[in-house]
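Structure, as structure tokens:
2 protein chains.
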Amino acid sequence: MNKSDSAEYLARKRFFDQLLTVYGRKPVLEALQEKGVKVHRLHLAESNKSAPILDEIISLAEAKGAEVLYHDRKALSRISKNSKQDQGVAVDLVCAGYGEYKDFLANPPRKNFELLALDGITNPQNLGMIIRSACAGEIDGILLPKQGNAKIDPLVIKASAGTLFKARLLRCDNLAEALKDFQNELPDNQCNIYGLSSHADYKIGDSLPQGANIFVLGNETDGVSKEVSQLCDKMLAIPMNNGVESLNVAVTASLLAFRKVMAG
Amino acid sequence: MNKSDSAEYLARKRFFDQLLTVYGRKPVLEALQEKGVKVHRLHLAESNKSAPILDEIISLAEAKGAEVLYHDRKALSRISKNSKQDQGVAVDLVCAGYGEYKDFLANPPRKNFELLALDGITNPQNLGMIIRSACAGEIDGILLPKQGNAKIDPLVIKASAGTLFKARLLRCDNLAEALKDFQNELPDNQCNIYGLSSHADYKIGDSLPQGANIFVLGNETDGVSKEVSQLCDKMLAIPMNNGVESLNVAVTASLLAFRKVMAG
């Protein structure tokens, strides 16, 4: 590849990395109704019978300048990746904050950035609430592995209160590999990795070393996985009163995202 | 009433104020399975057919030293106050933290106490999460009006992760009246009342005046009611990034409960 081909390739790759495919009639309609959401393509099954909600979806997509494509049922299934629930409709949204973690790593928005990393958040409401709080708070992005967490579905979109479409979501294939890259590939800075655990001796109020921070949030029942725990510099607890054993994981995420805001 | 009659009356009143009636077979079973929950009475409908879950409920209640009473269907409805969902079972739990706000007002646990006040939290999951975070954090109690918020039901119990049975819940008939009492009846201290609102100019990181604090959390859609807003000394916002319009109300409650813990 010559230089301009390569630049074009990277720009195209980055564009496609930003696409989030949402399926199902109501979820697609609601996504299209969000202000500020850009739409690349609307995909419809040729076999759809006409329905008022489809007319509304098509007119909203066209108003946003999207291409409208018709497919046979099999091709649509390949796009939605969920033929049981797509109801003959899928849409590719352009999410400005959606991308690969390597792009973030190559060009972080600030030196001492802070990330959340999700290691098995299986409850869609928790995932949506985490995205909402991270987007509103002082978090530069969410490291979201492609496997092991709740899928981006209508419940996640609803719990995120629309922030899903603008939050900085950094996709990775494998969380442990991505965390190792953050530990090894930041030339000018240290990246501290903390796993959250109710049982940890080290408390969040204790002073943290300088550098960028990644806070790993584990599964609702089992906590941070063994493989990821071993990569953490420290496990951190949030001190609790009255013998309460744990906090909701979305609450924990929110406390991390707003800890400097609340201190004033 | 002579002095000892009156003392006995007050002790009895305080005991009955602590009772929380839970109904329905699964909720009752789960409540009885919570460690540390004391049980006053188990109420059963005489018309119940025998069932393994009832045997389990009865044996757990007896193990906790509860009185087991049988009633006709009508009498049981009066106890559960929900004949459609009680499934012939109700239990009176003794919740040490459950009581009337006037008792708290007469004898606050510390001078600069902090309370949450709930003004129309209708989503049971939000209510449960608020109770969980308040109990774990630095909150001395939750002012909970008898009307206008979600009823204490199985969803609330579940989202509270068992903390419902030990949290300090201060019941009141009318929130505005209770807030006025806090403003007027604390002889030695000032009580500041803050309503949370995304639109407020005053930010949570700004310094708050000395005194006890009550933070009012409003309805998920409409915010703090007009009547209660007028009693607030100030409306407070939590600053947010990326144009996010609001936080989940249980997240807001958690940030307030932990703001000093997180600052270290």
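Just so you know, the protein sequences line up as chains A and B, in that order. Position one of the first sequence corresponds to residue 1 (this note's numbering), numbered consecutively onward. Position one of the second sequence corresponds to residue 265 (this note's numbering), numbered consecutively onward. Even glycine gets a Cβ: it sits at the ideal position worked out from N, Cα and C. Note that the structure is predicted; figures quoted are calculated from it, not measured.
Under 8 Å between beta-carbons, which chain D residues line up against residue 31/A? List them in chain order, please.
Absent here is chain D; the protein component of the structure consists of chains A and B.
Specify whether the region 93-113 of chain A and the region 77-84 of chain A touch according to this definition: at least 3 beta carbon pairs, one from each stretch, less than 8 Å apart.
no
Put residue 485/B into one of helix, strand or coil per three-state DSSP.
As a first step, residue 485/B must be located in the second sequence, where it is residue number 221. Residue 485/B falls in the coil class under three-state DSSP.
Using a Cβ-Cβ cutoff of 9 Å, what residues of the region 148-164 of chain A are near chain B? List them in chain order.
159, 161, 162 and 163
Closer than 8 Å at the beta carbon, the chain A residues around residue 399/B
To locate residue 399/B, count along the second sequence from 1; it is residue 135. In chain order: 241, 242 and 244.
What is the DSSP secondary structure of residue 309/B, counted as helix, strand or coil?
What you label residue 309/B is simply residue 45 of the second sequence in a count that begins at 1. The answer is strand: DSSP assigns residue 309/B an E or B state.
Cβ contact (3+ pairs, closer than 8 Å) linking the region 206-218 of chain A and the region 174-193 of chain A
yes
Three-state secondary structure (DSSP) at residue 432/B?
Locating residue 432/B in the second sequence gives position 168, where the first residue counts as 1. Here residue 432/B sits in coil by DSSP.
Using a Cβ-Cβ cut-off of 6 Å (strictly less than) and excluding sequence neighbours within five positions of residue 324/B, which residues of its own chain qualify?
In the second sequence, counting from the first residue as 1, residue 324/B sits at position 60. Only 296 meet the Cβ criterion.
Is the CB of residue 131/A under 8 Å away from at least one CB in chain B?
Your numbering for residue 131/A matches position 131 in the first sequence. Closer than 8 Å: no.
Selection of the region 457-483 of chain B by Cβ proximity to chain A, strictly under 9 Å
467, 468, 469, 470 and 471
Just curious, the alpha helix (DSSP H) that residue 21/A is in, first and last residue?
Numbered from 1 along the first sequence, position 21 holds the residue referred to as residue 21/A. Run containing residue 21/A: none in the alpha helix (DSSP H); it sits in the beta strand (DSSP E), 19-23.
For residue 527/B, which residues in chain A fall below 9 Å Cβ to Cβ?
Taking the second sequence and counting its residues from 1, one reaches residue 527/B at position 263. Those are 205, 259, 260, 262, 263 and 264, listed as they occur along chain A.
Residues in the region 162-193 of chain A with C-beta within 7 Å of chain B's C-beta atoms, listed in sequence order?
163 and 166
Would you mind reading off the limits of the beta strand (DSSP E) that contains residue 475/B?
Along the second sequence, one-based indexing puts residue 475/B at 211. Careful: residue 475/B lies outside any beta strand (DSSP E) and carries neither H nor E.
Could you tell me the alpha carbon to alpha carbon distance between residue 410/B and residue 300/B, rounded to whole angstroms?
What you label residue 410/B is simply residue 146 of the second sequence in a count that begins at 1. What you label residue 300/B is simply residue 36 of the second sequence in a count that begins at 1. Whole-angstrom Cα-Cα distance: 25 Å.
Under 9 Å between beta-carbons, which chain B residues line up against residue 20/A? List them in chain order, please.
Against the first sequence, residue 20/A aligns to sequence position 20. Going along chain B, no residue has its Cβ under 9 Å from residue 20/A, so there is no contact; the nearest lies around 17 Å.
Taking Cβ positions, are residue 121/A and residue 164/A nearer each other than 8 Å?
Counting from 1 along the first sequence, the entry for residue 121/A is found at position 121. Counting from 1 along the first sequence, the entry for residue 164/A is found at position 164. Contact flag unset, no.
Helix, strand or coil: how does DSSP classify residue 128/A here?
By one-based count along the first sequence, residue 128/A stands at place 128. Note: residue 128/A maps to helix in three-state DSSP.
Please look up how many angstroms separate the CB atoms of residue 481/B and residue 340/B, rounded, as I've assumed it's under 8 Å.
In the second sequence, the residue the question calls residue 481/B occupies position 217. In the second sequence, the residue the question calls residue 340/B occupies position 76. At roughly 34 Å, the Cβ-Cβ gap does not stay under 8 Å, so residue 481/B and residue 340/B are not in contact.
Compare the beta carbon distance of residue 162/A and residue 8/A with 8 Å and say whether it is the shorter of the two.
Residue mapping note: residue 162/A aligns to position 162 of the first sequence, counting from 1. Residue mapping note: residue 8/A aligns to position 8 of the first sequence, counting from 1. Their beta carbons are not under 8 Å apart, which means residue 162/A does not touch residue 8/A by this criterion.
Separation of residue 73/A from residue 402/B, as counted between CA atoms:
Here residue 402/B corresponds to residue number 138 of the second sequence, with the count starting at 1. Here residue 73/A corresponds to residue number 73 of the first sequence, with the count starting at 1. So the alpha carbons of these two residues sit roughly 56 Å apart.
From residue 23/A to residue 128/A, what does the alpha carbon distance come to, in whole angstroms?
On the first sequence, position 23 is the one that residue 23/A refers to. On the first sequence, position 128 is the one that residue 128/A refers to. Taking the straight line from one Cα to the other gives about 17 Å.
Just mark residue 471/B as buried or exposed, buried being the case when its beta carbon has 16 or more other beta carbons within 10 Å.
Start at 1 with the first residue of the second sequence, and residue 471/B comes out as number 207. Residue 471/B should be labelled exposed.
Within its chain, find whatever has a CB closer than 7 Å to the CB of residue 87/A; leave out the 5 residues flanking it on each side and keep chain order.
For the purposes of this step, residue 87/A is identified with residue 87 of the first sequence, where counting begins at 1. 24 and 25, listed in sequence order.
Rounded straight-line distance, which links the Cα of residue 321/B to that of residue 251/A
As a first step, residue 251/A must be located in the first sequence, where it is residue number 251. As a first step, residue 321/B must be located in the second sequence, where it is residue number 57. Cα to Cα, the separation comes out at about 33 Å.
Please decide whether residue 512/B counts as near chain A, where near means a Cβ-Cβ distance under 8 Å.
Along the second sequence, read from residue 1 onward, the residue named residue 512/B stands at position 248. Closer than 8 Å: yes.
Have a look at the DSSP bridge pairing and note the partners of residue 38/A.
Position 38 of the first sequence, counting from 1, holds the residue named residue 38/A. 94/A, per the DSSP bridge assignment.
Buried or exposed: which applies to residue 494/B, given that a residue is buried once 16 or more other Cβ atoms fall within 10 Å of its Cβ?
Indexing the second sequence from 1 puts residue 494/B at position 230. Looking at its Cβ environment, which holds fewer than 16 other Cβ atoms inside 10 Å, residue 494/B is exposed.
Which same chain residues end up closer than 6 Å to residue 491/B when comparing Cβ atoms and leaving out the 5 residues on each side of it in sequence?
Locating residue 491/B in the second sequence gives position 227, counting from the first residue. Once the five neighbours on either side are set aside, the close Cβ partners of residue 491/B are 440.
Report buried or exposed for residue 199/A, applying the criterion of at least 16 other Cβ atoms within 10 angstroms of its Cβ.
Your numbering for residue 199/A matches position 199 in the first sequence. The residue in question, residue 199/A, is exposed, as its Cβ has fewer than 16 Cβ neighbours within 10 Å.
If residue 169/A sits next to residue 142/A, beta carbons under 8 Å apart, how far is it from one beta carbon to the other, in whole angstroms?
Stepping through the first sequence from its first residue, residue 169/A is reached at position 169. Stepping through the first sequence from its first residue, residue 142/A is reached at position 142. Rounded, the Cβ-Cβ distance is 5 Å, consistent with contact.
What residues from chain A crowd round residue 518/B, counting only those whose CB sits closer than 7 Å?
Here residue 518/B refers to the residue found at position 254 of the second sequence. Residues of chain A passing the Cβ test: 251, 254 and 255.
Nearest candidate by alpha-carbon position, reference residue 505/B, set 136/A, 126/A and 21/A
Along the second sequence, read from residue 1 onward, the residue named residue 505/B stands at position 241. The shortest C-alpha separation from residue 505/B is found at 136/A.
Determine, using beta carbons only, whether residue 502/B comes closer than 8 Å to chain A.
Position 238 of the second sequence, counted from the start, is the residue given in the question as residue 502/B. Closer than 8 Å: yes.
Alpha carbons only, please: which of 99/A, 158/A, 107/A and 113/A is nearest the one belonging to residue 144/A?
Residue numbering aside, residue 144/A sits at position 144 when the first sequence is read from its first letter. Answer by Cα proximity: 99/A.
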